Each structure stands twice: as C-alpha cells, then as structure tokens.
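One structure is given below, encoded as structure tokens.
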Amino acid sequence: MQKKENNQTQAAIEFQSIVRNNVRMILARFPQKQESFASALQMSQASISKKLNGKADWTSADIANAAVYFGLPFYVLVSPTALKDYLFADSEAEYQLGHFAPTDISRHELSAPAGVRYFRRPDDTDRQGGADARPRFFVMPETNRLALRAPEC
Numbered sequence: 287m288q289k290k291e292n293n294q295t296q297a298a299i300e301f302q303s304i305v306r307n308n309v310r311m312i313l314a315r316f317p318q319k320q321e322s323f324a325s326a327l328q329m330s331q332a333s334i335s336k337k338l339n340g341k342a343d344w345t346s347a348d349i350a351n352a353a354v355y356f357g358l359p360f361y362v363l364v365s366p367t368a369l370k371d372y373l374f375a376d377s378e379a380e381y382q383l384g385h386f387a388p389t390d391i392s393r394h395e396l397s398a399p400a401g402v403r404y405f406r407r408p409d410d411t412d413r414q415g416g417a418d419a420r421p422r423f424f425v426m427p428e429t430n431r432l433a434l435r436a437p438e439c
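Everything in the sequence shown is counted per my numbering, starting at 287 for the first residue and increasing by one.
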C-alpha cells in the first residue's frame, strides 16, 4: 500500500491550523461534548477528533456548518484574529453610552443622551430630619446641568 504524499503548501497548512485552533478555542470556552458537535456537523465523533488533532483537514462545508453551529460568521473561524473579539468581548461594553448619542426624549427640558436621570435636591449636603419641602430637580449626568421645566402659562 502506498503512502499518500502530503503536497499541501505552507499557506494551506497554516489555514488548517487557524481553523483547528479557532474551533478548539470555542469548544474550550463553551464546554460541550464532541458528540453533539459532531452530530450537528453530520459526522462521527472520531472524524471530529481527527480534525481537531490535525489528522484530517477541514473542508469549507465543515467550516460553514461549524460557524452555523456556533452562531458565528464564517470569517471568524478562518481568521487568525477575529475570534478574540467574539470570545473576549467586554461584557459591559453594551452598557456604555455613546458620546454623541441621539436624545431619547423629545421634550427639550428633559432631552439628553440616554442615560440615568435622578432626582437631586439643590443642597443635598445639609440633610435635616423630618419632611423636606425643598424643590427637587432632574440632573443630567452627561452635562451635570439641572433640567428645569418651564412654567406653563
């Protein structure tokens, strides 16, 4: 029996390594059994194991099916750098406000970029016991300005 020659170029070998490492990182980050991954790709667990260990090559169909399984765009699995943006994204980034965000309230006196609005007394430092009849104002954190409603006539 003749041994099959490996006539892949260095670029093809690096490509297979990138795909293999990206899939392994995703599987390590979100632990799941190889059997469920293999069944989603319509392969045996042994075939997936060979692909993950570099003994078999990933085809474009395998990569596309894996991308669908993981819920990622195709290019993430074939890029050496794109995966880090998906795996290590700042979980609090979605809560950050844009500096030039559009206003979320149409009324001028309360309009400011979306954010926390809170009540504040004019002199919050001198607290006294009992009921307090001093006025309260909306404070816009982005500008630290008071938002006073104009009196209606």
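Where is the CB? At the ideal position from N, CA and C, for every residue including glycine. Quick caveat: nothing in here was measured; it's all calculated off a predicted structure.
Whole-Å CB distance - residue i paired with residue j, under 8 angstroms assumed
i	j	result
Glu321	Gln331	5 angstroms
Gln302	Trp344	6 angstroms
Ala324	Ser333	7 angstroms
Arg306	Gly357	Incorrect: roughly 19 angstroms between the Cβ atoms, too far for contact.
Three-state secondary structure (DSSP) of residue i
i	result
Leu369	helix
Asn339	coil
Gln296	helix
Phe276	The chain is shown from 287 up to 439; residue 276 falls before or after that span and cannot be answered.
6 angstroms Cβ shell around residue i - same chain, five flanking residues per side excluded
i	result
Phe316	none
Lys337	Trp344
7 angstroms Cβ shell around residue i - same chain, five flanking residues per side excluded
i	result
Ala352	Val309, Leu327 and Leu363
Leu319	The sequence given here places Lys at residue 319; Leu does not occur at that position. Within the same chain, Lys319 has no close Cβ partners at all.
Tyr361	Ala368
Pro366	Ile304
Cβ shell of residue i (< 8 angstroms), same chain only, five flanking positions each side left out
i	result
Ile349	Val305, Phe360, Leu363 and Val364
Q: Would you mind listing the alpha helix (DSSP H) stretches within the region 303-366 that are 4+ residues and don't spill past its ends, in chain order?
A: 320-326, 331-338, 346-356 and 360-364, all fully within the region 303-366.
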